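Working notes for the structure below.
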Amino acid sequence: MATTDLKLTLRKSAIGSTAKIRQTLTGLGLTRTNKTIVRKDTPELRGMVAKVRHLLDVEEIQC
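Using the working numbering, read the sequence shown as starting at 23 and increasing by one per residue.
Dropping the structure here:
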């Protein structure tokens with residue numbers, strides 16, 4: 023059974039964003055612009071991504 027991962031890249035800075043947006047990015051592990059992480063696709067992760075989608079590039083990866 024193939025699982026799906028999400029490749030997340032922070033494309034815009036969080037400067038000027040609210041504290042909740044910055045905390046969400048820190049929770050995702052995105053601390054610097056152009057940093058890329060790969061995480062398992064879960065409903066919790068999707069919710070966090072939806073909150074900061076204007077700052078991210080998101081790609082689905084089939085594993």
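From the three backbone atoms N, C-alpha and C, an ideal C-beta is built for every residue, glycine too. Being a predicted model, the structure only gives us computed values, none of them experimental.
One alpha carbon belongs to T40, the other to L47, and they sit about 11 Å apart. In this model, I37 and T53 are separated by some 11 Å (Cα to Cα).
When the five nearest sequence neighbours on each side are left out, the beta carbons in the same chain lying within less than 7 Å of the beta carbon of V74 are those of I43, T46, L47, in order along the chain. For C85, same chain residues with a beta-carbon under 8 Å away, outside a window of 5 residues either side, are A24, T25, T26, D27 in chain order. Linking E82 to L32 through their CA atoms gives a straight-line distance of about 15 Å. Residue N56 holds the alpha-carbon nearest to the alpha-carbon of S35 among N56, L50, K29.
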